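All letters in the sequence shown, in the order written, are residues 291 to 614 by my numbering.
The beta carbon of each residue, even a glycine, is placed where N, CA and C say it ideally should be.
Being a predicted model, the structure only gives us computed values, none of them experimental.
Worksheet: one structure, shown below.
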Amino acid sequence: MFRASIGKIFRNLGRFQAMKIRWLENFVIVAEEKSISRATHRLNTSQAALSRVIREMEAILRVELFQRTGRGMALTTEGKLLYDEAKRVIYTYQGFLTKVQDIQGDSVASLRVLLPLRTSAFLLRPFLTTFHDRYVRAKAKVFEALSEDIQKQLCSKEAEIGIYYSPHIFEKDNAEKIATEALYLAGTADVIGSYSDPISMKDVEKISLIMQSKPATFRSFVESSFEQNNCKLNIRHDVNTVNGQLHFARAGDGAVIFPYSSISHDAVNGSLIARRIVDPEIRRDVLLGTSSQALTRIQRDAMGMMKDIISAARKDLRWDIVKD
291 MFRASIGKIF
301 RNLGRFQAMK
311 IRWLENFVIV
321 AEEKSISRAT
331 HRLNTSQAAL
341 SRVIREMEAI
351 LRVELFQRTG
361 RGMALTTEGK
371 LLYDEAKRVI
381 YTYQGFLTKV
391 QDIQGDSVAS
401 LRVLLPLRTS
411 AFLLRPFLTT
421 FHDRYVRAKA
431 KVFEALSEDI
441 QKQLCSKEAE
451 IGIYYSPHIF
461 EKDNAEKIAT
471 EALYLAGTAD
481 VIGSYSDPIS
491 MKDVEKISLI
501 MQSKPATFRS
511 FVESSFEQNN
521 CKLNIRHDVN
531 TVNGQLHFAR
541 AGDGAVIFPY
551 SSISHDAVNG
561 SLIARRIVDP
571 EIRRDVLLGT
581 SSQALTRIQR
591 DAMGMMKDII
601 SAARKDLRWD
611 IVKD
């Protein structure tokens, strides 16, 4: 059976070579996500378009690549063979592009970098200053985005480098953990107390909160952390922007839960008090992700710059840096 499958695949190598690299990338992501719908989020495309690509690949190769079941999509024997070959082809192609860009140098280089909302206040200016001092002719464009959107844009190759937070929304990505951060309760003195000492999760349970409405990833993460410790969030308002939540908190109309990097300005100027949540502490990972495993020289340098800048800003961010 296995030898027959190999023969069937390789008899159609001519057709395989006619496929676009992009098709192979789509196929690999569907295989990894085991679902067309989940893969569309990662690729930022429609289910109809992605389904059409898979059908055309199966027609070209004259094999069935997936078994459709009630639990998702599983690779057939032929699909597993193609998956291994497609991964190799994609990696080789990305390596080729990297070498070409390195030869061409920084005159044609353009880098799209994504930073989480509010964290960019610490990282944007020093990164751009350092980058443009080193690469006079290259262009770096930096944008703010939500953590989920940063992951999606990296996976769909709309950006080259991005910083985002756990939890991961995709099963596989190109990222390294660079730091961890704790979550804080922030509010006015009459809502959370006048001191910035830590506050227990049990005491947070008694305070009215402002959070994103369900099913926001961050809210789900916080709720899950509370539920695992037999605690429950007391949600007063569903507000779906960070600035909106902080506006309510500054007015004394509830408290917010954020990492310190999101509330540092308010904590420093005294408009909000920040108290680290403990017993237990809630922590999340900070990740530096890329769109590809094969990086150009400028992308590698940019990642190194970002790590150095984060290390210098770690006290203001209250990030605990992961040692290499």
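| Query | Result |
| --- | --- |
| Straight-line gap, arginine 469 to leucine 577 (C-alpha atoms, nearest Å) | A small fix is needed here, since residue 469 is alanine in this sequence, not arginine. Alanine 469 and leucine 577: Cα-Cα distance of roughly 7 Å. |
| Which of helix, strand or coil DSSP assigns to valine 320 | helix |
| Neighbourhood of serine 437 by C-beta distance below 8 Å, restricted to the same chain and skipping five residues each side | Pro406, Tyr454, Tyr455, Thr507 and Phe508 |
| At least 3 beta-carbon pairs within less than 8 Å: the segment 418 to 427 vs the segment 368 to 376 | no |
| Range of the contiguous beta strand (DSSP E) that encloses histidine 527 | 525 to 528 |
| CA nearest to the CA of arginine 427, picked from Leu414, Ser400, Ser336 and Gly452 | Ser400 |
| Terminal residues of the beta strand (DSSP E) in which asparagine 464 lies | 464 to 477 |
| Cα-Cα separation between methionine 491 and isoleucine 563, rounded to whole angstroms | 16 Å |
| Rounded C-alpha distance that separates lysine 431 from alanine 592 | 12 Å |
| Helix, strand or coil at serine 336 [DSSP, three-state] | coil |
| Same chain, Cβ closer than 6 Å to glutamine 502, neighbours up to 5 away in sequence not counted | Arg509 and Asn530 |
| CA-to-CA distance, valine 546 to arginine 608, given in whole angstroms | 17 Å |
| Start-to-end residues for the beta strand (DSSP E) that takes in serine 562 | Serine is not the amino acid found at residue 562; the sequence shown has leucine there. Segment: none, leucine 562 is in no beta strand (DSSP E) and carries neither H nor E. |
| Cα-Cα separation, alanine 541 to alanine 476 | 12 Å |
| Alpha-carbon to alpha-carbon, glycine 369 and glutamate 450 | 29 Å |
| Isoleucine 489 and histidine 527 closer than 9 Å at C-beta | no |
| Rounded straight-line distance, which links the Cα of threonine 335 to that of arginine 424 | 36 Å |
| Buried versus exposed call for threonine 382 [16 or more other C-beta atoms within 10 Å across all chains shown] | exposed |
| Below-9 Å beta-carbon distance, arginine 408 vs any chain B residue | The structure shown contains no chain B; it holds only a single protein chain. |
| Straight-line Cα distance separating alanine 435 from aspartate 610 | 22 Å |
| Whether arginine 565 touches serine 515 by CB criterion (9 Å) | no |
| Beta-bridge partners of aspartate 575, as assigned by DSSP | Thr470 |
| Terminal residues of the alpha helix (DSSP H) in which lysine 429 lies | Lysine 429 -> not in any alpha helix (DSSP H); beta strand (DSSP E) instead, spanning 429 to 435. |
| Span separating the alpha-carbon of aspartate 575 from that of threonine 409 | 14 Å |
| Cβ-Cβ distance between alanine 349 and leucine 340 below 9 Å | no |
| Strand pairing of leucine 585, partner residues [DSSP] | Answer by DSSP bridge pairing: none, since leucine 585 is not bridged. |
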